[in-house]
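Student: First residue of the sequence shown? That's 419 in our numbering, and the numbers climb one at a time after it.
The beta carbon of each residue, even a glycine, is placed where N, CA and C say it ideally should be.
Mind having a look at this structure? Questions to follow.
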Amino acid sequence: MKEQLLKIEELAKAELSACTEIKALDDLRIKYLGKKGELTSILKQMGKLSAEERPVIGQLANKVRADIEEALNEKLTALKASAQASKIASESIDITLPGKTQTIGKLHPLSKVENEIRDIFMGMGFDIADGPEVDDDYHVFEALNLPPDHPARDTQDTFYIKDTNERILLRTQTSSVQVHVMETQKPPIRIISPGRVYRSDAVDATHSPLFHQIEGLVVDKGIKMSDLKGTLEMLMKKLYGNECKLRFRPHHFPFTEPSCEVDIMCFNCGGKGCSMCKDEGYIELLGAGMVHPKVLEGCGIDSSVYSGFAFGLGLERMVMGRYSINDLRLLYENDVRFLEQF
Ligand code: DAH
């Protein structure tokens, strides 16, 4: 029996040292020390022993039990510690790894310049007006003194949505917002209206079927051409610096009288003439003029009391001048290598 007990201890220790899982330890505890375990089944046979042998074997059995118990507990502590260590290792963050770069977007150059222009006009007390991109013939053309057969319509061919009596179309100019504003507001009016416009043009370095304009309109008593000049000069000086020079050239628009086009001295050559300004020394920026009395009257504004000026500038052109961009298509291609320069 003594040998059996020692054998059990030896086997138990061997199995314990090979054990790598806490769950398996429980099984070993049951196998060796449990009620139906190996040690118990030997102890059950104690009755067969002689009176001398019984206390000796009893003592040994207790020692074996205590040793196995101790070995089990030691193993449990060791397994728990290594489980904890591997949990910590698996959850730890290696702060020596290089981080992932987060690419942060930024404003498109068109939005940047538009925001600057908005800020400048808001500083001069203008409100921002919004108008529909899908509009009707009346607001885009007729109310702006362009009746159905007016030849100037040919320069602004657009996309028609519905060809009914009430022609619905994509606006070709933000000037339509002038009409919407004057129909709903009484003078004094002082607004700008930035937005998209559409024309049935083929794409090239200076044309796109979709582009952006900023319309301006001021209507009040005693508004004169000099107010228009002062306002535009203030805008351009704030945008391009005090040295910039504007040129007002007579022109014709059906909705203004008198009308003009406004050019800025070439950013590139300072007026001498270069490829950017096509040797002109100046670059055309916008159309403007004094609001035609017919347009005012059509919107219910008494032209004998009120007068106004209006202008419409092409945002793409302003951006291209600002950043010396020579091809309008670059603004729409969404090439990050281009856009991240601004
Ligand atoms: N709408 C004109 C265009 O697209 C630009 C323009 C000219 C707007 C004169 C105006 C203006 O408000 O008064 O060519």
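For Glu675 and Val558, what's the separation of their Cα atoms in angstroms?
Tutor: Translated into positions along the sequence shown, residue 675 becomes position 257. Translated into positions along the sequence shown, residue 558 becomes position 140. Each residue's Cα considered, the two are about 18 Å apart.
Student: Could you tell me whether any non-hydrogen atom of the ligand DAH is closer than 7 Å to the CB of Thr521?
Tutor: Within the sequence shown, residue 521 is the residue found at index 103, counting from 1. It does not: the Cβ of Thr521 is nowhere closer than 7 Å to a heavy atom of the ligand DAH.
Student: What first and last residue would you give for the alpha helix (DSSP H) that runs through Arg755?
Tutor: Here residue 755 corresponds to residue number 337 of the sequence shown, with the count starting at 1. Segment Val754 to Leu757, the alpha helix (DSSP H) holding Arg755.
Student: In whole angstroms, what is the alpha-carbon distance linking Asp720 and Leu562?
Tutor: Working through the sequence shown from its first residue, we reach residue 720 at position 302. Working through the sequence shown from its first residue, we reach residue 562 at position 144. When rounded, the distance between both Cα atoms is 16 Å.
Student: Since Asp537 is in the alpha helix (DSSP H), which residue starts that stretch and which ends it?
Tutor: Counted from its first residue, the sequence shown places residue 537 at position 119. Element bounds for Asp537: Pro527 to Gly541.
Student: So, is Val636 buried or exposed, given that buried needs 16 or more other C-beta atoms within 10 angstroms?
Tutor: Position 218 of the sequence shown, counted from the start, is the residue given in the question as residue 636. It is buried - the Cβ of Val636 has at least 16 other Cβ atoms within 10 Å.
Student: Is Pro672 buried or exposed, if buried means 16 or more other CB atoms sit within 10 Å of its CB?
Tutor: Counting from one through the sequence shown, the residue named residue 672 turns up at place 254. Its Cβ being crowded by 16 or more others within 10 Å, Pro672 is buried.
Student: Kindly list the residues whose CB is nearer than 6 Å to the CB of Phe685, restricted to its own chain and excluding five residues on each side of it in sequence; keep chain order.
Tutor: Here residue 685 is taken as the residue at index 267 of the sequence shown, counted from 1. The answer, listed in chain order, is Gly739.
Student: DSSP state of Gln631, grouped into three classes?
Tutor: Counting from one through the sequence shown, the residue named residue 631 turns up at place 213. The answer is strand: DSSP assigns Gln631 an E or B state.
Student: Rounded to whole angstroms, how far is the Cβ of Lys420 from the Cβ of Ile475, which I believe are closer than 8 Å?
Tutor: Within the sequence shown, the letter at position 2 stands for residue 420. Within the sequence shown, the letter at position 57 stands for residue 475. Contact check for Lys420 and Ile475: beta-carbon distance about 6 Å, within the 8 Å limit, so the pair qualifies.
Student: Relative to the alpha-carbon of Glu427, which residue among Asp537, Asp545, Phe539 and Ala489 has its alpha-carbon at the smallest distance?
Tutor: The count along the sequence shown starts at 1 and reaches residue 427 at position 9. With distances taken between Cα atoms, Glu427 lies closest to Ala489.
Student: Report the residue ranges of all beta strand (DSSP E) runs contained in full by the segment 560 to 646; include only those spanning at least 3 residues, in chain order.
Tutor: Here the runs fully enclosed are 578 to 580, 586 to 588, 607 to 616 and 628 to 638.
Student: On the three-pair Cβ rule with 8 Å, is the segment 534 to 551 touching the segment 597 to 614?
Tutor: yes
Student: The alpha helix (DSSP H) that contains Val474, what's its start and end?
Tutor: On the sequence shown, position 56 is the one that residue 474 refers to. Taken as a continuous stretch (DSSP letters only), the alpha helix (DSSP H) holding Val474 covers Glu471 to Glu509.
Student: Using 8 Å for Cβ pairs, my map puts Val615 next to Gln603. What's the rounded Cβ distance?
Tutor: Within the sequence shown, the letter at position 197 stands for residue 615. Within the sequence shown, the letter at position 185 stands for residue 603. So it is not a contact: roughly 22 Å between Cβ atoms.
Student: Given 8 Å as the limit, is there contact between the segment 741 to 760 and the segment 643 to 659, that is, 3 or more CB pairs closer than that?
Tutor: no
Student: Along the beta strand (DSSP E) that carries Arg665, what are the first and last residues, could you check?
Tutor: In the sequence shown, the residue the question calls residue 665 occupies position 247. Unbroken beta strand (DSSP E) run through Arg665: Leu664 to Phe671.
Student: Per the contact definition of three or more C-beta pairs closer than 8 Å, is the segment 711 to 730 in contact with the segment 692 to 702?
Tutor: no
Student: Assign Leu515 to one of three DSSP states: helix, strand, or coil.
Tutor: Locating residue 515 in the sequence shown gives position 97, where the first residue counts as 1. Collapsing the DSSP output to three states places Leu515 in coil.
Student: Thr438 to Leu494, Cα distance in whole Å?
Tutor: Translated into the one-based positions of the sequence shown, residue 438 becomes position 20. Translated into the one-based positions of the sequence shown, residue 494 becomes position 76. Cα-Cα distance, rounded: 10 Å.
Student: Does the beta-carbon of Phe729, which I'm using as the reference point, lie nearer than 7 Å to any heavy atom of the ligand DAH?
Tutor: Numbered from 1 along the sequence shown, position 311 holds the residue referred to as residue 729. The answer is yes for Phe729.
Student: Count the other CB atoms, across all protein chains shown, that sit within 10 Å of the CB of Glu470; report buried if there are 16 or more and exposed otherwise.
Tutor: Taking the first residue of the sequence shown as position 1, residue 470 is located at position 52. Exposed is the label assigned to Glu470, since fewer than 16 other Cβ atoms lie within 10 Å of its Cβ.
Student: Determine the contact status of Ile607 and Val599, defining contact as a CB-CB distance below 8 Å.
Tutor: In the sequence shown, residue 607 corresponds to position 189, counting from 1. In the sequence shown, residue 599 corresponds to position 181, counting from 1. Cβ atoms of Ile607 and Val599: closer than 8 Å.
Student: From Asp553 to Pro565, what does the alpha carbon distance come to, in whole angstroms?
Tutor: Start at 1 with the first residue of the sequence shown, and residue 553 comes out as number 135. Start at 1 with the first residue of the sequence shown, and residue 565 comes out as number 147. Approximately 16 Å, taken between the alpha carbons.
Student: Answer yes or no: the CB of Gly541 versus the heavy atoms of the ligand DAH, is any distance below 7 Å?
Tutor: If you number the sequence shown from 1, residue 541 lands on position 123. No - the ligand DAH has no heavy atom lying nearer than 7 Å to the Cβ of Gly541.
Student: Among all the DSSP beta bridges, which residues are the ones paired with Asp545?
Tutor: What you label residue 545 is simply residue 127 of the sequence shown in a count that begins at 1. Note: Asp545 sits in a beta bridge opposite Ile609.
Student: Which residues does DSSP list as the beta-bridge partners of Phe727?
Tutor: Position 309 of the sequence shown holds residue 727. Answer by DSSP bridge pairing, in chain order: Val636 and Met708.
Student: Thr674 bridges to which residues according to DSSP?
Tutor: By 1-based counting over the sequence shown, the position of residue 674 is 256. Its beta-bridge partners are Phe671 and Val709.
Student: Could you pull out every residue in the same chain whose Cβ sits closer than 6 Å to the Cβ of Val737, ignoring the five residues on either side in sequence?
Tutor: Locating residue 737 in the sequence shown gives position 319, where the first residue counts as 1. If we look at Val737 and ignore the five residues flanking it on each side, its Cβ neighbours are Pro527, Leu528 and Val531.
Student: Taking 7 Å as the cut-off, is the beta-carbon of Glu675 closer than that to any non-hydrogen atom of the ligand DAH?
Tutor: Working through the sequence shown from its first residue, we reach residue 675 at position 257. No.
Student: Report the three-state DSSP secondary structure of Ile460 (helix, strand or coil).
Tutor: Your numbering for residue 460 matches position 42 in the sequence shown. Ile460: helix per DSSP, three-state reduction.
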